[in-house]
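Participant: Mind looking over this structure? Questions follow.
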C-alpha cells in the first residue's frame with residue numbers, strides 16, 4: 188500500500204492551461220469536427236419544449252432534476268439492455284433501478300423508496316452514482332444542480348440555497364455550511380445482475396416529459412476536466428474505475444483492475460476500522476463494509492467467511508452459515524473514476 192500525493196503547483200498550472208485553451212477555442216477557434224450544441228441535437232419538434240423549460244426554470248437551475256419519476260416492473264423494462272449501467276437502491280424491501288443514461292440528463296432524482304425520501308445523484312463525467320437522505324433537521328430538502336467547481340459537480344437546495352458537494356454530501360457554503368447529508372448505499376452495476384439480485388425491482392421508465400433526451404450524451408464538449416498527475420509506483424490512468432471509501436477523514440481508493448482476480452480487498456482504513464470490499468467484475472458491482480474477518484470469493488456474487496464458514500453476498504448479507512441473517516455495516520463509499528477521487532482526497536491511500 189502506498190500514499191499518493193498530488194503536486195499542488197502542477198495542478199494549478201494544468202488547470203490554468205486547460206482554461207486558457209478552452210476560452211481561446213470558444214472565442215476564435217472553429218467548431219470541432221462533428222460538434223453540435225446540446226439543443227441542436229434534439230428533433231426539431233422537441234426543441235420548443237426544451238427552450239420553454241429554459242425560459243421557466245428556477246434561478247440557477249441548469250439541469251432538469253427529475254422529481255416525479257415513474258417506474259415499471261422489471262419484466263416490462265424491455266428498453267434496458269442486460270449490460271445497461273444502472274444505479275440500484277433497496278430500502279425497506281423495495282428495490283429500484285435508475286439507468287445512468289437517463290440520469291446523465293437529469294443528474295439528480297428525488298424519489299421515495301420503501302417509504303423513505305432518497306436523492307440519487309449521478310455525474311456522467313466521473314461516472315459516479317451516490318445516494319443521500321435529503322433531510323436536514325427533519326426537513327426534506329429539494330435539490331438542483333448548482334454547477335461545477337474544479338471539475339466537481341455541486342448541488343444546492345431550494346430552501347436555503349446552501350451549496351453541497353455531489354460526491355461527499357457536505358455543505359460547502361451557505362446557511363448550512365459544514366453540515367453532512369446521510370449516505371445511502373447504492374450499487375452501480377449492470378442491469379442483468381441487479382435484476383437477478385432483486386427480481387421484484389422496479390426500473391425507471393423513460394415515459395417522462397423529457398424522454399426524448401434520453402440515451403443521448405448531454406454534454407456539448409468532451410471531458411476537459413483536470414486530470415491529476417499522480418507520482419509514485421501506483422500510477423493509474425485518470426479514468427480508471429474503482430471504489431472510493433472514506434470515513435472520518437480517512438480515505439482509500441480500491442482500483443477495480445486490482446480486484447478483478449480476487450473479487451475482494453481488505454485494508455485498515457484507520458487505526459480502528461478494517462474495511463472489506465466486495466467486487467463483482469461481471470457486473471461492476473461493489474460494496475464496502477466494516478469487517479475484520481478474512482473472506483474469499485467462492486463463486487461470482489458470493490464471498491466465503493474463512494473463520495465461520497458463512498456465505499455473504501454483494502449487499503453484505505449473510506445468506507448461509509453460522510452468521511446467517513446478519514448484515515455487515517456499510518462504510519460510506521461509491522464507484523467513480525480515479526481522477527475525481529484524487530482531487531477530492533489528495534492524500535488518499537491506494538489499495539495495493
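Numbering (my numbering), first residue to last: 188 to 539. For every residue, glycine included, the Cβ atom is placed at its ideal position computed from N, Cα and C. Since the model is a prediction, treat every value here as computed from it, not as a measurement.
#1: Apart from the five residues just before and just after residue 249, which ones in its own chain have a Cβ nearer than 6 Å to its Cβ?
#2: Between 303, 251, 515 and 258, which has its C-alpha nearest residue 280's C-alpha?
#3: Between the alpha carbons of residue 338 and residue 452, how many angstroms are there, rounded?
#4: If you run the structure through DSSP and keep just helix, strand and coil, what is residue 293?
#5: For residue 234, which beta-bridge partners are listed by DSSP?
#6: Report yes or no: do three or more beta-carbon pairs, one from the region 524-538 and one from the region 478-497, lie closer than 8 Å?
#7: May I ask you to verify whether the region 305-317 touches the region 269-284, counting CB pairs closer than 8 Å and requiring at least 3?
#8: Would you call residue 272 buried or exposed, if buried means 16 or more other Cβ atoms sit within 10 Å of its Cβ?
#9: On the CB-based measure, 16 or more other CB atoms within 10 Å of its CB, does residue 336 come out buried or exposed?
#10: On the three-pair Cβ rule with 8 Å, is the region 284-296 touching the region 491-510?
#11: Name the two residues that bound the continuous beta strand (DSSP E) containing residue 367.
#12: Decide if residue 292 is buried, meaning its Cβ has at least 16 other Cβ atoms within 10 Å, or exposed.
#13: Which class does residue 446 belong to by DSSP, given the choice of helix, strand or coil?
#14: Taking only runs that begin and end inside the region 257-290, name each unbroken beta strand (DSSP E) of 3 or more residues, in chain order.
#15: Skipping 5 residues on each side, what residues in its chain have a beta carbon closer than 7 Å to that of residue 444?
#16: Just to confirm my understanding: we take residue 414, look at its own chain, exclude 5 residues before and 5 after, and list those with CB closer than 6 Å. What are they?
#17: On the DSSP bridge list, what partners appear for residue 500?
#18: Rounded to the nearest angstrom, what separates residue 538 and residue 454 at their Cα positions?
#19: Excluding the 5 residues flanking residue 352 on each side, which residues of the same chain have their C-beta closer than 7 Å to its C-beta?
#20: Leaving out the 5 sequence neighbours to the left and right, which residues in its chain are closer than 6 Å to residue 370 when beta-carbon positions are compared?
#21: If we call anything under 8 Å between Cβ atoms a contact, is residue 299 one with residue 329?
#22: Measure the CB-CB distance between residue 466 and residue 439 and report whether it falls below 8 Å.
#23: For residue 524, which three-state DSSP category applies?
#24: What span of residues does the alpha helix (DSSP H) with residue 382 cover, start to end?
#25: Measuring only the C-alpha atoms, how far is residue 320 from residue 347?
#26: When the distance is taken between beta carbons, is residue 521 closer than 8 Å to residue 436?
#27: What number of angstroms, rounded off, separates the C-alpha of residue 233 from the C-alpha of residue 257?
#28: Cutting at 6 Å between CB atoms, please list the residues of its own chain near residue 441, excluding the five before and the five after it.
#29: Nearest-angstrom Cα distance between residue 403 and residue 268?
#30: Report the rounded CA-to-CA distance for residue 510 versus residue 496, giving the unit in angstroms.
#31: Any idea which residues DSSP pairs residue 451 with across the strands?
#32: If we call anything under 8 Å between Cβ atoms a contact, is residue 373 one with residue 316?
#33: Following the continuous beta strand (DSSP E) through residue 361, name the residue where it begins and the one where it ends.
Facilitator: Inspection of the coordinates gives the following:
#1: Translated into the one-based positions of the chain shown, residue 249 becomes position 62. Same-chain partners within the cutoff: 332.
#2: Your numbering for residue 280 matches position 93 in the chain shown. Closest option to residue 280, Cα to Cα, is 303.
#3: Sequence index remark: in the chain shown, residue 338 carries index 151 (1-based). Sequence index remark: in the chain shown, residue 452 carries index 265 (1-based). Rounded to the nearest angstrom, the two C-alpha atoms are 29 Å apart.
#4: Start at 1 with the first residue of the chain shown, and residue 293 comes out as number 106. It is helical.
#5: Translated into the one-based positions of the chain shown, residue 234 becomes position 47. Its beta-bridge partners do not exist; DSSP assigns none.
#6: no
#7: yes
#8: The residue given as residue 272 occupies position 85 in the chain shown. Residue 272 is buried by the Cβ-count criterion.
#9: The residue given as residue 336 occupies position 149 in the chain shown. When all chains shown are included, residue 336 counts as exposed.
#10: no
#11: Translated into positions along the chain shown, residue 367 becomes position 180. Per DSSP, residue 367 belongs to no beta strand (DSSP E) and is neither H nor E.
#12: One-based indexing of the chain shown puts residue 292 at position 105. Buried is the call here.
#13: Position 259 of the chain shown, counted from the first residue, corresponds to residue 446. The answer is helix: DSSP assigns residue 446 an H, G or I state.
#14: 258-260, 272-278 and 281-286
#15: Taking the first residue of the chain shown as position 1, residue 444 is located at position 257. Counting only Cβ-Cβ distances below 7 Å, and skipping sequence neighbours, we find 427.
#16: Locating residue 414 in the chain shown gives position 227, counting from the first residue. Confidence is the limiting factor: at residue 414 the pLDDT is only 48, short of 50, which leaves the residue's position unreliable, though a coordinate-based value still follows. Excluding positions up to five away in sequence, the list reads 425 and 526.
#17: Along the chain shown, one-based indexing puts residue 500 at 313. In the DSSP output, where bridge partners are listed per residue, residue 500 has 489.
#18: Counting from one through the chain shown, the residue named residue 538 turns up at place 351. Counting from one through the chain shown, the residue named residue 454 turns up at place 267. Cα-Cα distance, rounded: 7 Å.
#19: Looking up residue 352 in the chain shown gives position 165. 339, 341 and 359.
#20: Residue numbering aside, residue 370 sits at position 183 when the chain shown is read from its first letter. Result list for residue 370: 519, in chain order.
#21: Numbered from 1 along the chain shown, position 112 holds the residue referred to as residue 299. Numbered from 1 along the chain shown, position 142 holds the residue referred to as residue 329. No.
#22: Residue 466 sits at position 279 when you count from the first residue of the chain shown. Residue 439 sits at position 252 when you count from the first residue of the chain shown. No, the pair does not count as a contact, with Cβ atoms beyond the cut-off.
#23: Along the chain shown, read from residue 1 onward, the residue named residue 524 stands at position 337. Reduced to three states, the DSSP call for residue 524 is strand.
#24: On the chain shown, residue 382 is found 195 positions in, with the first residue counted as 1. 378-384 is the span of the alpha helix (DSSP H), which, as asked, contains residue 382.
#25: Against the chain shown, residue 320 aligns to sequence position 133. Against the chain shown, residue 347 aligns to sequence position 160. So the alpha carbons of these two residues sit roughly 17 Å apart.
#26: Locating residue 436 in the chain shown gives position 249, where the first residue counts as 1. Locating residue 521 in the chain shown gives position 334, where the first residue counts as 1. Not closer than 8 Å, so no.
#27: Translated into the one-based positions of the chain shown, residue 233 becomes position 46. Translated into the one-based positions of the chain shown, residue 257 becomes position 70. Rounded to whole angstroms, residue 233 to residue 257 spans 21 Å at the Cα level.
#28: Taking the chain shown and counting its residues from 1, the one referred to as residue 441 is at position 254. Closer than 6 Å at the Cβ level, and outside the excluded window around residue 441, lie 429, 430, 452, 464 and 538.
#29: Residue 403 sits at position 216 when you count from the first residue of the chain shown. Residue 268 sits at position 81 when you count from the first residue of the chain shown. With a pLDDT of only 44 at residue 403, under the threshold of 50, the placement of this residue in the model should not be trusted, and no figure is reported.
#30: As a working note, residue 510 is residue 323 in the chain shown. As a working note, residue 496 is residue 309 in the chain shown. When rounded, the distance between both Cα atoms is 9 Å.
#31: As a first step, residue 451 must be located in the chain shown, where it is residue number 264. Paired residue(s): 465.
#32: Translated into positions along the chain shown, residue 373 becomes position 186. Translated into positions along the chain shown, residue 316 becomes position 129. Yes.
#33: Numbered from 1 along the chain shown, position 174 holds the residue referred to as residue 361. Looking at the DSSP string, residue 361 is not in any beta strand (DSSP E), and its letter there is neither H nor E.
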